[in-house]
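Visitor: Handing you a structure now.
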Amino acid sequence: MNERKRRVMQTAQKVIIEKGFASTSVQDILDEAKISKGTFYNYFTSKNECLIAILEHAAEESITRRRELLVGRDKSDKTILVHQILVRMHVNRELNLLPVYEAIFYSGDEELRNYVRSHHIKELTWLSGRLVDIYGIEAEPHITDCSIMILGMIQQLTHFRKAASSEKPDIEKLVHFAMRRVDGIMQDLIKSGDTLLGPSMLKAMSMNQPSIDEMRNIIVQKLHATEEKFVKCGDETGQQYTDFLLNELESQTPRLSILEVVSRSLRELGADNEHAINIDEVVLLLWKYIDKIKKNR
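Numbering (full-length UniProt numbering), first residue to last: 1 to 297.
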């Protein structure tokens, strides 16, 4: 994603929040962004695709931040999971996405609703995997049920807290409360063997993921493109990071802990770099690649 495309997305989000999704036309976005119709359609085929890109950007930012929280930490630490769950809430607030989700809900647009459903499945799949990290392999038959209960508890507790008080809810306290309840629920499920949905349902809904080799090839291509930009602007640190990552990816057994550290350093470098958007995309793919290798080992 380039900077101009991101500005179009930000403008579209502003207009959609102000006018509502159904009442917003592509022309409204063009007028506010002061761009031509050709420029808009160079990036997006429709208003829907533009909105989905806005939501996808938030999802990708959440994935990256969540993985960075695990670098050098014990993945069975429940406090880390709490902060990972909070990441998505913080990103939604930072990017002012709650009004966007409301607009989708009231729009009745099936394409957008399908996207939100798909994202919800991804969120449940991620949380299910993290519950195995925390409670062990014996919890696997129950992770889908517990993931749904966790997100349901958080959602309903948040809604009630907002309705019952004008004070801003302590979201971190709320998520910790929900996770403590899961301790007892999970122990009981493991002991009783009781299960409702099971993990197979989520697995079936999360098919068609790229292979490790396919992911690696995509990352290598993007790293080469990013390295070229670092060379052009004379950024030696950026060149060193990309060189290191490329060399590590060529190994038969890449050192994942090293990839994690360098990926995070590359993203930190990108925070003050004109190529930040490209770097974010590469780092996101690296985290997905690392997680896929760990899962298959």
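Ideal Cβ placement from N, Cα and C applies to all residues, glycine included.
Please read all numbers here as calculations on a predicted model, not as lab measurements.
For leucine 197, which residues in the same chain have their Cβ closer than 6 Å to its Cβ, ignoring the five residues on either side in sequence?
Guide: Apart from sequence neighbours up to five positions away, the residues of its chain that approach leucine 197 with a beta-carbon distance below 6 Å are Thr144 and Asp145, ordered along the chain.
Visitor: Say yes only if the C-beta of arginine 88 is nearer than 7 Å to one or more non-hydrogen atoms of the ligand ATP, and no if none qualify.
Guide: This structure lacks the ligand ATP, and indeed carries no ligand of any kind.
Visitor: DSSP three-state call for isoleucine 212: helix, strand or coil?
Guide: helix
Visitor: In this structure, how does DSSP classify serine 46 when only helix, strand and coil are distinguished?
Guide: coil
Visitor: Which one of Val116, Leu285, Pro199 and His142 has the shortest CA to CA distance from proline 210?
Guide: Leu285
Visitor: Which residue wins for smallest C-alpha separation from alanine 22, given the options Arg6, Ile219, Lys37 and Lys47?
Guide: Lys47
Visitor: Under 6 Å Cβ to Cβ from leucine 151, same chain only, skipping five residues before and after it: list those, please.
Guide: Result list for leucine 151: empty, nothing under 6 Å.
Visitor: For isoleucine 85, collect the residues of the same chain with a Cβ closer than 6 Å to its Cβ; drop the 5 residues on either side in sequence, then sort them by chain order.
Guide: Val175
Visitor: Taking the alpha helix (DSSP H) that glutamate 167 falls in, what are its first and last residues?
Guide: That residue, glutamate 167, is in no alpha helix (DSSP H); it is neither H nor E in DSSP.
Visitor: Where cysteine 81 and arginine 65 are concerned, what is the direct C-alpha to C-alpha distance, given to the nearest angstrom?
Guide: The residue asked about is misnamed: residue 81 is leucine in this sequence, not cysteine. Going by the C-alpha atoms only, they are around 12 Å apart.
Visitor: Would alanine 103 pass as a contact of cysteine 50 if the rule is Cβ separation under 8 Å?
Guide: no
Visitor: Applying the 10 Å Cβ sphere with the 16-neighbour rule, what's the burial state of isoleucine 63?
Guide: buried
Visitor: Whole angstroms are fine: how far does the CA of tyrosine 289 sit from the CA of glutamate 260?
Guide: 11 Å
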